[in-house]
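A.B. asks: This note's numbering puts the first residue of the sequence shown at 6, with every later residue one more than the last.
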Amino acid sequence: MKCFSIDLDGTLLNTNREISSENLHVLKQLKAQGHSVIINTGRAYDDVIQFAALKSLQLPIFTINGTVIYSETKDVLFEASIPFSRYVELFALLKEFGLWVMVYTNQGGFPCRNPYLQGKNDQEIEAIFADYDYGQLLNKKDLVIYKIMAVSRHDQLDKIDAVKAALHGKWPLTIASSHPNNVEITSPEANKGAALLRYQKLTNFHFDEIFAFGDGGNDVEQFKVATTSIAMANAPAPIQEYADIITKSNDDNGFAYAVQNLIEF
6 MKCFSIDLDG TLLNTNREIS SENLHVLKQL KAQGHSVIIN TGRAYDDVIQ
56 FAALKSLQLP IFTINGTVIY SETKDVLFEA SIPFSRYVEL FALLKEFGLW
106 VMVYTNQGGF PCRNPYLQGK NDQEIEAIFA DYDYGQLLNK KDLVIYKIMA
156 VSRHDQLDKI DAVKAALHGK WPLTIASSHP NNVEITSPEA NKGAALLRYQ
206 KLTNFHFDEI FAFGDGGNDV EQFKVATTSI AMANAPAPIQ EYADIITKSN
256 DDNGFAYAVQ NLIEF
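1. Roughly how far, in whole angstroms, is the beta-carbon of V73 from the beta-carbon of V81, given that I think they are within contact range, below 8 Å?
2. On the criterion of 16 or more Cβ atoms from any shown chain inside 10 Å, does F67 qualify as buried, or is it exposed?
3. Does the structure place the stretch 98-114 close enough to the stretch 137-155 that three or more beta carbon pairs sit under 8 Å?
4. Using 10 angstroms around the beta-carbon of K145, count the other beta-carbons present and answer buried if the total reaches 16, otherwise exposed.
5. Cα-Cα, which of A58, G198, S90 and T20 is closest to F218?
6. Does DSSP classify K253 as helix, strand or coil?
7. Between the stretch 192-210 and the stretch 37-50, do at least 3 Cβ pairs fall closer than 8 Å?
8. Count the CB pairs spanning the stretch 26-38 and the stretch 181-192 that are closer than 8 Å, and state whether there are at least three.
9. Quick one: what does DSSP say A236 is sitting in, helix, strand or coil?
10. State the Cα-Cα distance for the pair L142 and D213, rounded to the nearest angstrom.
11. Measuring CA to CA, which of L35, T78, P120 and F115 is closest to T20?
12. Could you have a look at V149 and say whether DSSP puts it in helix, strand or coil?
13. Are there 16 or more other CB atoms within 10 angstroms of the CB of Q265, so buried, or fewer, so exposed?
14. To the nearest angstrom, report how far apart F270 and M237 are at their CA atoms.
15. By Cβ distance, which residues of its chain are closer than 6 Å to A240, with the 5 residues on each side in sequence left out?
16. Return the bridge partner residues of I44 from the DSSP annotation.
17. Leaving aside the five residues before and after Q274 along the sequence, list all residues of the same chain whose C-beta is less than 7 Å from its C-beta, in chain order.
18. Just verifying my parser: in three-state terms, what is the DSSP assignment at L162?
19. In the structure shown, what three-state DSSP assignment does F102 receive?
20. Which residue wins for smallest C-alpha separation from W105, given the options L162, I268 and K7?
21. Helix, strand or coil, according to DSSP, for L178 in the structure here?
Listed below in structure tokens is the structure:
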């Protein structure tokens, strides 16, 4: 069985956050041919199934960089988390750097999840986070913390590098960036590559080949386990270096183009 592991933002989605008819056609073709087609994203589940096409196709969905793995029938096969004590330590460190912090949980995103910020300017974003009471999360019953995402202003990208340096080796965590102005922190058990290996064990599937498509730093781990890794033309140069193939951009149907013209399967 062959596997196609596909990132969403910057990969399958164009800059208008839409799935083109060309990309959707190829997704349907691959599934009809009996291949395993997986959405492998940093998004939370609710931010994936808002796309009616993905919901109707009944694909396995790996969310929050491999933190939660859903089967085709949307059963939870695996779930990783960050302990509350670690969340408290992380939050304090991130706030020292003056970053906007989002907490992804089994009860939603607090104060929101990243897609809600898209299209907003820095002043609008600042208003969302300015007076939010993060302490109340500690009192929520049965709360599970999946991911902590910190975002900088676009003119303060140096803060992201500084945070990564401060976190390096400090705690057992997975640290990645889907965009230059963010850092995504998850359980050490969670990354997109580990999720692909874990899914095969959980389902007793064996992938003869894995084709991984992505554009961000959180795709590097799935590139490492893939037989063939495909980066989008819009991916930053350091990410492209991890890829076997560079396809067209996400605005030029790069996913569909790669499947139809660049890879053999």
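Cβ atoms here follow ideal geometry from the backbone N, Cα and C, with glycine treated the same way.
C.D. replies: Taking the geometry as given:
1. With a Cβ gap of about 6 Å, V73 and V81 count as contacting.
2. Counting Cβ neighbours within 10 Å, F67 comes out buried, since at least 16 surround it.
3. Per the Cβ contact rule, the stretch 137-155 is in contact with the stretch 98-114 (3 or more Cβ pairs under 8 Å).
4. So K145 counts as exposed.
5. The shortest C-alpha separation from F218 is found at G198.
6. In the structure shown, K253 sits in coil (DSSP, three-state: anything other than H, G, I, E or B).
7. Contact between the stretch 192-210 and the stretch 37-50 is present, with at least three C-beta pairs closer than 8 Å.
8. No: the two stretches stay apart, fewer than three of their Cβ pairs being nearer than 8 Å.
9. A236: strand per DSSP, three-state reduction.
10. In this structure, the straight-line span from the alpha carbon of L142 to that of D213 is close to 43 Å.
11. Restricting attention to L35, T78, P120 and F115, the CA atom closest to the CA of T20 is found in P120.
12. V149 falls in the coil class under three-state DSSP.
13. Exposed, because fewer than 16 other Cβ atoms sit within 10 Å of the Cβ of Q265.
14. A direct Cα-Cα distance of roughly 19 Å separates F270 from M237.
15. Around A240, the same chain offers D220 as residues with beta carbons nearer than 6 Å, after the five sequence neighbours per side are excluded.
16. Answer by DSSP bridge pairing, in chain order: I11 and I66.
17. Only positions 6 to 270 of the chain appear in this structure, which leaves residue 274 out of reach.
18. Coil.
19. If DSSP states are grouped into helix, strand and coil, F102 belongs with coil.
20. Nearest of L162, I268 and K7 to W105, Cα basis: L162.
21. Secondary structure of L178 (DSSP, three-state): coil.
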